[in-house]
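Q:
Protein chains: 2
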Amino acid sequence: MTLTELRYIVALAQEGNFSRAAEHCSVSQPTLSVAIARLEDEFGVQLFERGKGFVSPSAVGLKVVEQAKLALGEAEKVRQVAMRGRDQLEGPLRLGVIHTIGPYLLPQLIHSLKEVAPAMPLAIEENMTANLAEMLHDNEVDVVIIALPFDVPGVLTRAIYDESFKVIVPRGHPWENREWIAPEDVAGDEVLLLKAGNCFRDQVLGACPQVSSPETDIRLGHSIGTIRCMVASGLGVSVLPESALGHPYSNDMISVIPFKEPAPARRVALAWRPGFVRPKAIEALLDAVRGLSSPAYRLLV
Amino acid sequence: MTLTELRYIVALAQEGNFSRAAEHCSVSQPTLSVAIARLEDEFGVQLFERGKGFVSPSAVGLKVVEQAKLALGEAEKVRQVAMRGRDQLEGPLRLGVIHTIGPYLLPQLIHSLKEVAPAMPLAIEENMTANLAEMLHDNEVDVVIIALPFDVPGVLTRAIYDESFKVIVPRGHPWENREWIAPEDVAGDEVLLLKAGNCFRDQVLGACPQVSSPETDIRLGHSIGTIRCMVASGLGVSVLPESALGHPYSNDMISVIPFKEPAPARRVALAWRPGFVRPKAIEALLDAVRGLSSPAYRLLV
DNA sequence: TCTCAGCTATAGGGACTAACTATGGCCGCT
DNA sequence: AGCGGCCATAGTTAGTCCCTATAGCTGAGA
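Going down the list, the sequences are from chains A and B. Anchor point for the first sequence: position 238 equals 241 in our numbering, and the numbering is continuous, going up by one each time. Anchor point for the second sequence: position 284 equals 287 in our numbering, and the numbering is continuous, going up by one each time.
(1) What residues are listed by DSSP as bridge partners for V214/B?
(2) Indicate whether L9/B and A62/B have their beta-carbon atoms separated by less than 8 Å.
(3) Is it right to say Q17/A is buried, meaning 16 or more other beta carbons lie within 10 angstroms of its own, or is it exposed?
(4) Just the C-alpha distance for L15/A and S59/A, rounded to the nearest angstrom, thanks.
(5) Apart from the five residues on each side of it in sequence, which residues of its chain come closer than 7 Å, Cβ to Cβ, to V194/B?
(6) For the beta strand (DSSP E) that D1/A lies in, which residues bound it at each end?
(7) Is it true that the stretch 276-284 of chain B meets the stretch 138-146 of chain B, where meeting means three or more beta-carbon pairs spaced less than 8 Å apart?
(8) Give me the Cα-Cα distance between D188/A and M233/A, rounded to the nearest whole angstrom.
(9) What whole-angstrom Cβ distance do I260/A and W178/A have, given they're in contact under 8 Å?
(10) Chain A beta carbons: is any one of them nearer than 8 Å to that of R23/B?
(11) Given a cut-off of 8 Å, decide if A268/B and S167/B are closer than it, judged by their beta-carbon atoms.
(12) Since V259/A is in the beta strand (DSSP E), which residue starts that stretch and which ends it?
(13) Could you compute how far the alpha carbon of P186/A sits from the alpha carbon of R270/A?
(14) Can you tell me the Cα-Cα spacing of H176/B and R293/B, whole angstroms?
(15) How big is the Cα-Cα spacing for V207/B and A291/B?
(16) For M131/A and Y300/A, what's the separation of their Cα atoms in angstroms?
(17) Just to confirm my understanding: we take G105/B, look at its own chain, exclude 5 residues before and 5 after, and list those with CB closer than 6 Å. What are they?
(18) Quick one: is V304/B buried, meaning 16 or more other Cβ sit within 10 Å of its Cβ, or exposed?
(19) Is the number of C-beta pairs between the stretch 43-51 of chain A and the stretch 82-99 of chain B that are closer than 8 Å three or more?
(20) Compare the C-beta of M123/A against all C-beta atoms of chain B and say whether one is closer than 8 Å.
(21) At 8 Å on the CB atoms, spell out the chain B contacts of S59/A, in chain order.
(22) Inspect the beta-carbon positions of A162/B and A78/A and report whether they are closer than 8 Å.
(23) Would you please state the rounded distance, in angstroms, between the beta carbons of K310/B and I148/B? I believe it to be under 8 Å.
(24) Can the beta-carbon of M123/B be found less than 8 Å from the beta-carbon of E143/B?
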């Protein structure tokens with residue numbers, strides 16, 4: 004039984020005549036004749052009665068033809084579903100993002116993406132780099148936004164922007180009025196850090212070699228928001244990426260001091276599997292990044 | 004797009020692995036591989052993402068696979084419908100029958116047929132011979148029960164029984180106590196006949212050559228039942244087939260007198276198109292006739 | 001009665017395709 | 001480095017699907 008044969012019996016039932024049915028199917032009359040005979044043989048039932056001046060479905064044939072119409076309809080829907088899905092910018096995109104980027108970039112990015120690909124909503128997974136790498140590999144997300152380096156074998160990356168780090172200190176701190184701070188100045192155990200596993204923590208440690216890992220959890224924050232609050236309450240100083248400072252540096256309990264040039268920075272990138280079936284979705288994301296307006300992002304695209 | 008290809012993508016989505024999916028479909032791995040690629044090419048959409056350690060449906064692929072399952076289900080139902088219909092004794096049989104047989108034979112025949120083919124109900128068309136011939140030809144009925152001769156080209160017939168004709172007269176009629184009546188005795192315009200078009204009328208005219216066609220409608224009956232009433236009310240005499248006399252000659256307003264041997268009779272037969280797709284249904288009808296118990300039918304089968 | 005037209009079934013040939021085996025490339029694991 | 005699992009490609013074969021040509025049948029009309 005093939006879809007073609009089903010089309011043949013439906014046409015024959017409609018036309019009541021082998022020749023016209025064949026014409027309707029754009030095949031020759033013997034082709035249709037043989038196909039019907041083959042199907043009847045396969046089923047072991049005579050589907051049509053060939054009479055003197057007519058061809059008409061038997062009792063069984065009538066039921067079979069009706070069911071065949073249903074089957075052909077469902078089959079046609081398969082094609083339609085596939086065709087509708089040809090637009091790679093339709094349907095949700097599963098986006099992974101690290102904690103230190105998501106809350107600050109995504110509000111703007113989503114807004115920008117709406118212009119580029121209005122039919123492609125984002126399903127967002129916020130997690131740490133290592134977990135995102137695994138999820139990307141296991142096909143649980145389609146694209147991730149992380150900070151470089153992101154050395155995962157078999158994954159494509161594309162840098163999208165750089166952003167500087169800045170020092171934040173509580174109001175009244177001795178550094179409050181300095182024009183800049185050298186990375187080496189950031190030292191000692193009054194520096195608040197994110198908990199282990201956050202890549203931004205490692206980047207700070209790399210940029211400011213004098214910082215010592217605090218021995219107690221008291222100087223570790225779960226998120227950048229927590230760190231800001233801890234700094235504002237006078238627990239210590241910290242280092243944040245520029246995009247996380249809020250615009251325009253709104254919290255009046257903390258002061259923001261730039262690093263001495265060249266300031267430490269991080270490079271943010273997209274990453275995806277090379278086999279990902281919707282490359283245009285990646286392009287759309289890049290376009291959305293190009294549409295970002297905040298000066299915190301030094302675009303690379 | 005073929006049903007086979009749909010089976011392939013469903014299997015691949017289930018197994019997540021080309022080799023296992025191919026095994027599941029009892030084909031080689033390259034076969035499945037090229038079939039999937041062909042389908043993706045036809046649709047213009049990538050249905051599966053081939054990753055390092057996995058094969059998984061894309062967003063479109065997922066929808067397509069779901070729809071493919073529906074289509075395959077409907078296609079399988081086609082086969083089931085056909086298979087269920089293999090029993091020729093299932094489903095209604097369209098039976099045509101003439102007015103002078105139907106009301107007397109069918110009650111018994113239906114009862115008998117229930118034993119032989121319980122799943123084959125009769126859809127009954129009662130009409131005159133000429134119309135039944137046309138309906139048989141036009142495939143509006145499957146089988147007809149008529150009185151021979153039934154010379155319709157391209158139709159098969161099989162005699163099933165003979166039944167004698169009998170004379171009926173009203174109580175008090177001079178013939179009431181005769182042992183038999185010769186066909187030639189039935190004469191004159193006191194003989195009631197069916198209206199033109201009923202084959203039984205012609206058979207009576209053939210059997211009793213002295214009978215003249217009445218010039219007025221007053222001596223014509225629409226049905227055998229009407230004729231009986233007219234005889235009972237004293238309007239005249241008539242000739243009926245034995246099966247129409249009622250059992251056991253119940254009407255006490257009329258008397259039944261046999262013809263002199265050899266009594267005129269009619270031969271009743273089945274007729275069907277030679278191409279009819281359910282020969283076993285004919286056999287079942289014949290079996291049902293064999294099961295008739297009334298002495299009115301001298302069975303020929 | 002003969003012929004013609006319309007219809008379906010059959011025969012024979014050709015092109016396509018869908019299947020196979022064999023093999024190559026890639027990656028991860030030992 | 002070697003091995004095994006996995007998918008893609010190449011080349012071949014067998015099957016089948018469709019075509020043209022034609023035969024057989026029937027009904028209509030000359």
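Beta carbons are placed, not taken as given, at the ideal position from N, Cα and C, and that holds for glycine. Values in this document were obtained by computation on a predicted structure and should not be read as measured data.
A: Reading from the atomic positions:
(1) Per DSSP, G191/B.
(2) no
(3) In the assembly as shown, Q17/A is an exposed residue. Its beta-carbon has fewer than 16 other beta-carbons within 10 Å.
(4) 8 Å
(5) V214, G239, V240 and S241
(6) Absent from the model: residue 1/A. The displayed extent of chain A is 4 to 304, so no value can be given.
(7) By the Cβ rule, the stretch 276-284 of chain B counts as touching the stretch 138-146 of chain B, because three or more pairs are nearer than 8 Å.
(8) 20 Å
(9) 6 Å
(10) no
(11) Their beta carbons are under 8 Å apart, which means S167/B touches A268/B by this criterion.
(12) I257 to P261
(13) 18 Å
(14) 38 Å
(15) 28 Å
(16) 21 Å
(17) E129
(18) exposed
(19) yes
(20) no
(21) N142
(22) no
(23) Because chain B here runs from 4 to 304, residue 310/B falls outside it and cannot be looked at.
(24) no
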